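To start, the structure itself, in C-alpha cells.
Residue numbers (my numbering): 1 to 213.
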C-alpha cells in the first residue's frame, strides 16, 4: 500500500522571474528631478559647448540651438508636444508619465544653461562624459517608470500600427536627425556625436539592467 506525502513547500522561483516592486510615488519624483538634473548637466557642461548632438527630440532641440540660438529646453517642449498629443490617444497614463519627464528635464536644461560657460573640456572627453551623464539621467528615470519620451515614444506608437520593430524605428529616427545635424555642425562634430549616442545607449542599458518591459 503506497503512502502519498503532501508538502506545502512551493518550488523555488528563480530570482529573474520575480517582478520587482512598483516604484513609489516619491521615489519616482526623486528620479524625475534627479535624473533630469544629471541629464541637464551632461547637455550644458559637455555637449552644447562643442556643438555635439544626440538623437531624438533632444537632438532636434540642439540643432535649433546651434542654428538659431533657441533655448534647448523650450525647443524640447515645442518639438515634443505634437508627439504627446498623438500618442495620448493610445496610452494616456504612460504618456502622462513621459510628459512629466520631458517637461522637468527641459526645465532643468534651461535652468542650468550657465554651465556652458564653466570651462571647456576636450571634445572627445566631452562626447563621452556628456553621453555618460545623459544616459545616467535617462536610466534613472526609466528605473522608476518615467522617461523623456520624444521620438522613442513616437516609435513605440507607430510600431503598434505598422509591421516595424521599435528598435528599427528608433534607429531610423535618430539616423535622420544625425544626418540633418551633420549639415549643421559638420562631419567632425557629427562623428563625435556617435560617441555620445553610444555612451548614452551603453549607460542607459547598464542603469536599466534587470527591468523587463
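Beta carbons are placed, not taken as given, at the ideal position from N, Cα and C, and that holds for glycine.
As the structure is a prediction and not an experimental result, all values here were calculated from the model.
For the region 40-77, the continuous alpha helix (DSSP H) assignments of 4+ residues that do not extend past its boundaries occur at 56-68, in sequence order. Around the beta carbon of residue 118, a 10 Å sphere encloses fewer than 16 other beta carbons of the protein chains shown; the residue is thus reported as exposed. In this structure, residue 195 sits near residue 131, with a CB-CB distance shorter than 8 Å. In the DSSP assignment, residue 98 falls within the unbroken alpha helix (DSSP H) covering 92-111.
For residue 123, the enclosing alpha helix (DSSP H) starts and ends at 123-142.
Distance between residue 186 and residue 170, taken at the CA atoms: about 23 Å. The beta carbon of residue 36 is closer than 6 Å to those of 104, 105 and 108 in its chain, skipping five residues each way along the sequence. Here residue 165 carries a coil assignment [DSSP, helix/strand/coil]. Taking 8 Å as the cut-off, the beta carbon of residue 29 is found no closer than this to the beta carbon of residue 184. In this structure, residue 54 and residue 45 do not form a Cβ contact; the two beta carbons are roughly 14 Å apart against a cut-off of 8 Å. Restricting attention to 31, 193, 200 and 146, the CA atom closest to the CA of residue 93 is found in 146. In this model, residue 40 and residue 205 are separated by some 19 Å (Cα to Cα).
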